[in-house]
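Q:
Number of protein chains: 4
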Amino acid sequence: MTINSRKDNHIAVCLNKNVQSESTNGFEKYRLVHNALPETNFEDIKTETVFLNQKIAAPILISSITGGTESGNRINRSLLEAANTLNIPFAMGSMRILLEEDSHGIYDNPRKYAPSIPVLANVGAVQFNYGFSRDQCLRAIELIEANALILHLNPLQEVLQSSKNTNFSGLLKKIDYLCSNFPVPIIVKEVGWGISDVVAKNLIDAGVQIIDVAGAGGTSWAKVEAEISGTETAEQLASPFFSWGIPTAQCIEQIHARFPNISLIASGGITHGVDIWKALLLGAKMIGIAGPLLAPANEGPQAVVSFLEILVQQLRIAKFLSQTIVKEKDYD
Amino acid sequence: MTINSRKDNHIAVCLNKNVQSESTNGFEKYRLVHNALPETNFEDIKTETVFLNQKIAAPILISSITGGTESGNRINRSLLEAANTLNIPFAMGSMRILLEEDSHGIYDNPRKYAPSIPVLANVGAVQFNYGFSRDQCLRAIELIEANALILHLNPLQEVLQSSKNTNFSGLLKKIDYLCSNFPVPIIVKEVGWGISDVVAKNLIDAGVQIIDVAGAGGTSWAKVEAEISGTETAEQLASPFFSWGIPTAQCIEQIHARFPNISLIASGGITHGVDIWKALLLGAKMIGIAGPLLAPANEGPQAVVSFLEILVQQLRIAKFLSQTIVKEKDYD
Amino acid sequence: MTINSRKDNHIAVCLNKNVQSESTNGFEKYRLVHNALPETNFEDIKTETVFLNQKIAAPILISSITGGTESGNRINRSLLEAANTLNIPFAMGSMRILLEEDSHGIYDNPRKYAPSIPVLANVGAVQFNYGFSRDQCLRAIELIEANALILHLNPLQEVLQSSKNTNFSGLLKKIDYLCSNFPVPIIVKEVGWGISDVVAKNLIDAGVQIIDVAGAGGTSWAKVEAEISGTETAEQLASPFFSWGIPTAQCIEQIHARFPNISLIASGGITHGVDIWKALLLGAKMIGIAGPLLAPANEGPQAVVSFLEILVQQLRIAKFLSQTIVKEKDYD
Amino acid sequence: MTINSRKDNHIAVCLNKNVQSESTNGFEKYRLVHNALPETNFEDIKTETVFLNQKIAAPILISSITGGTESGNRINRSLLEAANTLNIPFAMGSMRILLEEDSHGIYDNPRKYAPSIPVLANVGAVQFNYGFSRDQCLRAIELIEANALILHLNPLQEVLQSSKNTNFSGLLKKIDYLCSNFPVPIIVKEVGWGISDVVAKNLIDAGVQIIDVAGAGGTSWAKVEAEISGTETAEQLASPFFSWGIPTAQCIEQIHARFPNISLIASGGITHGVDIWKALLLGAKMIGIAGPLLAPANEGPQAVVSFLEILVQQLRIAKFLSQTIVKEKDYD
Ligand SMILES: Cc1cc2nc3c(=O)[nH]c(=O)nc-3n(C[C@H](O)[C@H](O)[C@H](O)COP(=O)(O)O)c2cc1C
Ligand SMILES: Cc1cc2nc3c(=O)[nH]c(=O)nc-3n(C[C@H](O)[C@H](O)[C@H](O)COP(=O)(O)O)c2cc1C
Ligand SMILES: Cc1cc2nc3c(=O)[nH]c(=O)nc-3n(C[C@H](O)[C@H](O)[C@H](O)COP(=O)(O)O)c2cc1C
Ligand SMILES: Cc1cc2nc3c(=O)[nH]c(=O)nc-3n(C[C@H](O)[C@H](O)[C@H](O)COP(=O)(O)O)c2cc1C
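Protein chains in written order, with full-length UniProt numbering: chain A, 1 to 332; chain B, 1 to 332; chain C, 1 to 332; chain D, 1 to 332.
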């Protein structure tokens, strides 16, 4: 299976099958204490923030899904146009195929649809063990005028999928090397199983400036890969991993406790604005969202805009109504 | 939509739809320790108390529902006549429409049905940011010979409903101003999401004499407003707030711990006399009840009387059988 | 309704309706630690014990159900014959009717069926406030050659049932008076809502020698009384009390912790031998069982014997396999 | 019923009925912390280990099921051939029948199918109280060239099954005697209810070198025996024991905490490689698996190989992805 058709498969499976993690996202363990007397005008509750030195409308990142080469490209376009309309950042899916193959024919430059927002390049960190170089990273940045480069860590996905790139040795050193004097910030993310505080420490020591935890509780790639392979054996192999990973809220709380100054993106299983506000109060600077955007993106840019506007409105309401987060178990 | 037809809608939705909060009222976290040997004559278990300097038959307040202007008025009358029959206090719903519009034609003076019980006036505190004045509060009192004035805080309801009065800035100062030399006590309440200890502190500092927590666990106005607007978007926007708020029992326990001298009314999700007794043992002086009265009120005053008599009897039984409340988690 | 027909009603309801408490019996909070190497011959695991100075085959009491005057009497006889066959003690149900009315015609002396086992007389303690005297207690003992007198405390049942004897004032003093120089030991029990450590203290101070906790988790008399009255109002009144009471295991643990020397009977919701062994390890000397015996008793004495033999065998197995009980929450 | 036909019955019941314990295996109380950056090549994740001084492919033992005399023998052969193919150890089921009866006609020497792997002999420790001798243990070892001797402790099974050998007195001394100068290591195991730390201490003091906890959470022999006897009485007797026992994970954690140097085998309810890795991180050296192998073994050796290969692969993945185990309750 080529990377390209695998990508199409991924999207189809995520749209049509239950690929929801059997772990929660962890935010249910926290409660926002209601403030009946906000002493604010709701109109003054803003969501604007600065990300990658650029003003954006809300601390919401469209997380990596499409790499710009997918056949059809409807989803890619919807997401980009919506991001541009709303002025929120957009992260590319893995650009490996773009950089490795002669794919100019199918390449769809995101800047065509999203000239002004922050756009983030994306490659799998493990590719550095499979011939991928610093120069290709630079080319990825250049190609799309990227404002940052995301390296994704996906060891569980790699071991479950058919074309396995599973040599994760020595990556930290290579990430460290990449971080020195790279023209844009380096972000490291998972793909749905979370970053522990220990991994965060290593990444920070290596010079990573932003961590996107991409924790458990949303899209489960163990489920996606089991669905894609379709065999009973693959399903059986993957099934104990359907609840694998560190819930998103725990990642944020634990990393923020140890490294209060590192920029954190909370992603993995975020579906509404109340959890966004919880994530921000727990220490995240931004949140990311991928799987829940697929269905609206398949409809068109307006559906994505509407969906995200609801999230922004929920975030504003939650922010209006609460400034304090407590752990459920401490609260009772 | 005019205030009036909105009010009718509210009542219809509360009567016919599931508007129950997805939070519990919190009383399930407490246990009444059974006393097998009460050493009392059950006949001597009384529920009489004093509220607003008046003797009443039980510490039960009919919470704010109707404002005296509703078309039909059946519910209004049922509740008033029942309150008068039982000698328990009655709180008006928001009187804003009465005070703002020329509504003398439809105005139904509560004193016609309830000459002798404590009747409480009610206005939304946020109205002070929308032209409402101290004088109108005085007129509200005068109009119904009110024994107290309730100010309700409903920030979440306001942001979810169509005609939003969502400027909640500077209200504390205005409440403070109102409290000085006002002829009757000022009560502040929520409408189903609770008062935190921090909000309680601010209200007490401003001179508020009675706090009605109106916590989570009963009628959920997020559900009511979603039902009323009827659109999928409104439902999606409101849904993460279906479990919002501080459960009633937690409000009472936390405020009472910090401010043992403030008069507390426990309301929000109270449906039987065992929870009434728990509320009183946790520090409340009175309890309030709104949503569960709608169905009997729709039937007629006798149904309300019967319903409330059961609550009073349950309260007497619980009081007869237990004088000690413990936290479930400490008990085991 | 006469006492007699009420009694028949009680039995019919307990046989045919769901009268199970909505509380658990509390034993699920304790775990018996398995001993894989018991170092014993299972044949040597005995259940014999001494109760009321008499050797009995197992620490199992047939709890108070029938008072010897019931029409039909099938259940009464089954239980008595089974108790006699197995050599376990039998407690009469309330003997008030026997003692107050001219009921010699229907009186069925238990000693006819159970000449040699301990038989316990039973009256409601509250009857001391309704004309019942020490002399009648003595006559009760004499009538059936009772080995002990049980006083039951049932304040919740009394307030819920139609013919209410609900004056529970001053009972402690009367119990104290009865205890001095009474020819047989006085046992005090509840009827399914438990004895707290505070009540236990008062009873012990009054001279009571044995306490039968009769805690929550088995037959719920709130449900029985609601079923019997059959009206919606009675059901509504009683329903918050369907989970009322102190679970049996908690009663035992708490009373035993404070009063290690008092003889305790664990009853209320005991249905198998594993819970019997838990009860004994928690400090009980005996267990009692009522509701679960009705169905076999309705079949005949052999069904009761078979049922109880299973319990005894389960008790022997549990005793063989575990000598240590721990709290679940401490264990993990 | 002869031992032989009982054995067949056991297998049929385990294959066709729900014999799953109502206790969990306890591993759900522990979480493997995900490591997004393993810094290893997945290809380098090995499962080889040494067991009984022999190199084996994975720390997985095929637990005792068949004794080599079963009619049909299909399951026996499948398991042996699979173990040999995979190079993992195989434990015989109880060899008592082989050693007591003239069963040479039906005896199927495991070494025919599994010449090179570790094979473990198995007898019930309780047999030492029923005429079984040290010499017979030596003959068991010799007969199959066993690398170790497993003694199983099954007091609950014995009391529930029809032909009861239930004298468990004085076994520790006999185990102690057997352990001195026995030619192969002695392993003691349960059969699905676990070994407590106290029992472990006694066994270690007696000279036992390896303990297989065989805890609760998998095959429940209380259910098996109830199914086999088929009567309602047997079902009623056994049912409170359907959740009996110490969960496997708790056994491992508690014994390892007190005796960090004893070799532990984790078995009972292990069905996938994630729990295998948890068991190893909690202190086990090996894991054992019985019930879940029956269905594949009934199909044939290849099905067993495939099933176990999945477990090994899951173990490799879990080991690749996590090196840290935490208690859920400490983690939040
Ligand atoms: C269809 C699809 C494709 C994805 N492709 C990528 C990718 O190429 N690179 C990447 O870093 N993450 C990729 N992800 C992972 C997401 O960025 C995100 O981390 C993960 O889905 C968890 O977020 P969610 O619960 O909001 O979906 C993809 C997710 C989906 C649903
Ligand atoms: C139909 C309806 C109308 C209400 N109108 C008012 C109102 O006008 N003013 C107010 O302070 N609260 C109003 N409330 C809120 C109640 O007073 C109460 O705080 C809330 O419903 C929670 O109590 P409950 O769980 O017993 O319903 C209304 C409630 C209902 C059900
Ligand atoms: C039909 C029936 C009649 C009872 N009558 C009496 C009684 O007369 N006196 C008494 O002390 N308890 C009486 N009880 C209560 C029982 O003795 C016992 O305390 C209670 O049912 C809880 O035990 P259980 O869960 O095993 O049923 C009766 C119970 C039943 C089911
Ligand atoms: C059909 C069957 C037969 C068994 N026979 C034996 C036996 O002869 N000796 C023994 O020590 N354990 C025997 N066991 C118990 C297993 O070895 C194991 O300890 C128990 O089943 C728990 O592991 P599981 O949950 O993986 O099944 C048997 C188990 C099964 C399912």
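All C-beta atoms in this analysis are idealised placements derived from N, C-alpha and C, irrespective of residue type, glycine included.
Considering only the beta carbon of each residue, do Ser243 of chain A and Glu22 of chain A sit closer than 8 Å?
A: Yes, Cβ-Cβ distance for Ser243 of chain A and Glu22 of chain A is below 8 Å.
Q: At least one CB of chain B closer than 8 Å to the CB of Gln236 of chain C: is that the case?
A: yes
Q: Taking the C-alpha atoms as reference points, what is the distance between Ile310 of chain A and Tyr113 of chain B?
A: CA-to-CA, the gap between Ile310 of chain A and Tyr113 of chain B works out to about 46 Å.
Q: Go ahead and label Tyr331 of chain D buried or exposed: buried means 16 or more other beta carbons lie within 10 angstroms of its beta carbon, across all protein chains shown.
A: An exposed status is given to Tyr331 of chain D, since fewer than 16 other beta-carbon atoms sit within 10 Å of its beta-carbon.
Q: May I ask which residues mark the beginning and end of the beta strand (DSSP E) holding Ile62 of chain A?
A: Per DSSP, Ile62 of chain A belongs to the beta strand (DSSP E) from Ile60 to Ile62.
Q: In the structure shown, what three-state DSSP assignment does Asp135 of chain D receive?
A: helix
Q: Compute every distance between the C-beta of Asn202 of chain A and the non-hydrogen atoms of ligand 1, then say whether any falls below 7 Å.
A: For Asn202 of chain A, the shortest separation between its Cβ and any heavy atom of ligand 1 does not lie below 7 Å.
Q: Could you tell me the boundaries of the beta strand (DSSP E) in which Asp330 of chain B lies?
A: Unbroken run through Asp330 of chain B is the alpha helix (DSSP H), Glu328 to Tyr331; no beta strand (DSSP E).
Q: Between the stretch 245 to 256 of chain D and the stretch 180 to 196 of chain D, do three or more beta carbon pairs fall short of 8 Å?
A: yes
Q: Looking at the C-beta of His256 of chain C, does it have a partner C-beta in chain D at a distance below 8 Å?
A: no
Q: Can you check whether the CB of Ser267 of chain B is closer than 8 Å to the CB of Ala214 of chain B?
A: yes
Q: Kindly indicate which three-state DSSP category Pro110 of chain B falls into: helix, strand or coil?
A: helix
Q: Is it buried or exposed, Arg258 of chain D, if we count other Cβ atoms within 10 angstroms and call 16 or more buried?
A: With fewer than 16 Cβ atoms within 10 Å of its Cβ, Arg258 of chain D is classed as exposed.
Q: At the level of alpha carbons, what is the spacing between Ile210 of chain B and Leu153 of chain C?
A: For Ile210 of chain B and Leu153 of chain C, the distance between alpha carbons rounds to 40 Å.
Q: Going by C-alpha to C-alpha distance, which of D:Glu227, D:Gly131 and D:Ala284 sits closest to Asn167 of chain D?
A: D:Gly131
Q: Is the shortest distance between the beta-carbon of Val199 of chain D and the beta-carbons of chain C less than 8 Å?
A: With respect to chain C, the C-beta atom of Val199 of chain D has a partner C-beta closer than 8 Å.
Q: Which word fits Gly170 of chain B, buried or exposed, when buried means at least 16 other C-beta atoms lie within 10 angstroms of its C-beta?
A: exposed
Q: Please find out if some non-hydrogen atom of ligand 1 comes closer than 7 Å to the beta-carbon of Asn122 of chain A.
A: yes
Q: Give the straight-line distance between the Cα atoms of residue 333 of chain C and Ile287 of chain B, rounded to the nearest whole angstrom.
A: Since the first residue shown for chain C is 1 and the last is 332, residue 333 of chain C is missing from the structure and cannot be characterised.
Q: Can Ile150 of chain C and Leu178 of chain C be called in contact, C-beta distance under 8 Å?
A: no
Q: Among the candidates D:Leu37, D:Ile204, D:Ala234 and D:Lys189, whose CA atom is the shortest distance from the CA of Gly124 of chain D?
A: D:Lys189
Q: Going by beta-carbon coordinates alone, are Val13 of chain C and Val208 of chain C separated by less than 8 Å?
A: Cβ atoms of Val13 of chain C and Val208 of chain C: not closer than 8 Å.
Q: If I'm right that Ala91 of chain B touches Leu61 of chain B with Cβ under 8 Å, what's the distance once you round it to whole angstroms?
A: 6 Å
Q: Can you name, in chain order, every residue of its own chain whose Cβ lies under 8 Å from the Cβ of Ile117 of chain B, other than the five neighbours on each side?
A: Gln54, Ile56, Ala83, Asn84, Asn87, Ile88, Pro89 and Phe90
Q: Does the distance from the CB of Leu15 of chain D to the CB of Leu294 of chain D come in under 8 Å?
A: By the CB criterion at 8 Å, Leu15 of chain D and Leu294 of chain D fall inside the cutoff.
Q: To which residues of the same chain is Ala58 of chain D closer than 6 Å at the C-beta, ignoring the five residues directly before and after it?
A: Thr47, Ile88 and Val312
Q: Check each residue of the stretch 143 to 166 of chain C: if its Cβ is closer than 7 Å to any Cβ of chain B, include it; give the result in chain order.
A: Leu153, Pro155, Leu156, Val159 and Thr166
Q: Starting from Asn261 of chain D, trace the beta strand (DSSP E) both ways and give me its first and last residue.
A: Note, Asn261 of chain D: premise wrong, no beta strand (DSSP E); not H, not E.
Q: Figure out for me which residue from D:Asp8, D:Lys29, D:Leu32 and D:Ser63 has the closest Cα to the Cα of Leu308 of chain D.
A: D:Ser63
Q: The alpha helix (DSSP H) that contains Asn73 of chain B, what's its start and end?
A: Counting along the chain, Asn73 of chain B falls outside any alpha helix (DSSP H), and DSSP gives it neither H nor E.
Q: If you measure from the CB of Ser63 of chain B, is any heavy atom of ligand 2 nearer than 7 Å?
A: For ligand 2, at least one heavy atom lies less than 7 Å from the Cβ of Ser63 of chain B.
Q: Taking 8 Å as the threshold (beta carbon to beta carbon), is Ile246 of chain C in contact with chain B?
A: Judged by the 8 Å Cβ criterion, Ile246 of chain C is in contact with chain B.
Q: Please state if the CB of Ala297 of chain D and the CB of Ser78 of chain D are separated by a distance shorter than 8 Å.
A: Cβ distance < 8 Å, so Ser78 of chain D and Ala297 of chain D count as in contact.
Q: Indicate the three-state DSSP secondary structure (helix, strand or coil) for Ala121 of chain B in the structure shown.
A: Residue state, collapsed to three classes: strand.
Q: What are the boundary residues of the alpha helix (DSSP H) that Thr233 of chain B is part of?
A: Glu232 to Ala238
Q: For Asn202 of chain B, return the contacting residues in chain A, with the cut-off set at a CB-CB distance below 7 Å.
A: Leu37
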